[in-house]
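Numbering (our numbering), first residue to last: 1 to 286.
What follows is a set of notes on a single structure, which appears directly below.
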């Protein structure tokens, strides 16, 4: 048995001695047993369980359509949202089957999640539509999310404040971000495009990204073969390339702009050649 010395405040020592008297143990036995119980809690309940330890230095920051809450000790909670409006089966909608809208929305949520290295815990859905229409969409959306993210989906609410005769859907993903991964573009990185430059009314189910392929490409960042990965937003390739360049402290040079959305296209940066993974070279960070 190894000898270990430690300093404790007087009140804690008094509590230890009080327990020792009541249990007919020595002070050392109480301390040893307390440490053993605490270690067992951490090992079995998990790293995020910190009994009687206050959380300090909480850092909250926004990242595009997500909010990250860093709690310290490599613990970070991410909340990201995806919304769709004016697309669906109602009178004033751009007409698309709800099953298609659900598939696109679930795909976007999955791509956003994996490109942020987030392990999803829960997906919630809220709408601006009436009860029957909401539940029709919820059933289809839940199925699509389970296939892509394998996570529980809940309906957080539906409120048709005004009879707009248009669809409105918002899904929110809550998860834990892997802070061990650095998703950081660098000056000198090549810029690569993967997917299809399609968005809006021309979008079809065949244009959606394969979520398994997105995971494969995000693993390139985990393994250090790529510097960063980002979903393409409504601003297209130029918007995300400029974002990556600004994070790297440089400027983006791209061969030509193209459209896209998070459900159909992603951008990676790397000092390696990623064309062997099906990516297309489209520029550099200078």
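Note that the Cβ used here is the ideal one computed from N, Cα and C, for glycine as well.
For residue i, count neighbouring C-beta atoms within 10 Å of its own C-beta (all shown protein chains included) and say buried if the count is 16 or more, exposed if not.
i           : result
residue 61  : exposed
residue 202 : exposed
residue 292 : Because the chain is modelled from 1 through 286, residue 292 falls outside the range shown and cannot be assessed.
residue 251 : exposed
residue 141 : buried
residue 196 : buried
residue 210 : exposed
residue 110 : buried
residue 253 : exposed
residue 180 : exposed
residue 48  : Residue placement at residue 48 is flagged as unreliable, the pLDDT there being 49, under the threshold of 50; a coordinate-derived value is accordingly withheld.
residue 280 : exposed
Could you spell out where the beta strand (DSSP E) holding residue i opens and where it closes?
i           : result
residue 171 : 168 to 177
residue 280 : 280 to 285
residue 153 : 153 to 158
residue 127 : 118 to 127
What span of residues does the alpha helix (DSSP H) with residue i cover, start to end?
i           : result
residue 263 : Run containing residue 263: none; DSSP gives neither H nor E here.
residue 221 : 211 to 222
residue 79  : Segment 75 to 85 is the beta strand (DSSP E) holding residue 79; no alpha helix (DSSP H) there.
residue 142 : 131 to 149
residue 105 : 98 to 115
Kindly indicate which three-state DSSP category residue i falls into: helix, strand or coil?
i           : result
residue 66  : strand
residue 36  : helix
residue 197 : coil
residue 273 : coil
residue 235 : coil
residue 31  : helix
residue 4   : coil
residue 53  : Confidence is the limiting factor: at residue 53 the pLDDT is only 47, short of 50, which leaves the residue's position unreliable and the question unanswerable from this model.
residue 9   : coil
residue 243 : helix
residue 248 : helix
residue 19  : helix
residue 181 : coil
residue 228 : strand
Which value, in whole angstroms, describes the spacing of the CA atoms of residue i and residue j?
i           : j           : result
residue 194 : residue 272 : 15 Å
residue 125 : residue 192 : 33 Å
residue 222 : residue 58  : 25 Å
residue 278 : residue 216 : 11 Å
residue 4   : residue 23  : 23 Å
residue 108 : residue 263 : 4 Å
residue 207 : residue 34  : 58 Å
residue 2   : residue 27  : 16 Å
residue 256 : residue 282 : 7 Å
For the ligand MN, any of its heavy atoms closer than 7 Å to the Cβ of residue i?
i          : result
residue 76 : As far as ligands go, the structure on display features none, and thus does not contain the ligand MN.
For the stretch 83 to 103 and the stretch 111 to 119, state whether three or more C-beta atom pairs, one from each stretch, are separated by less than 8 Å. no
Are three or more beta carbon pairs between the stretch 226 to 237 and the stretch 72 to 81 nearer than 8 Å? no
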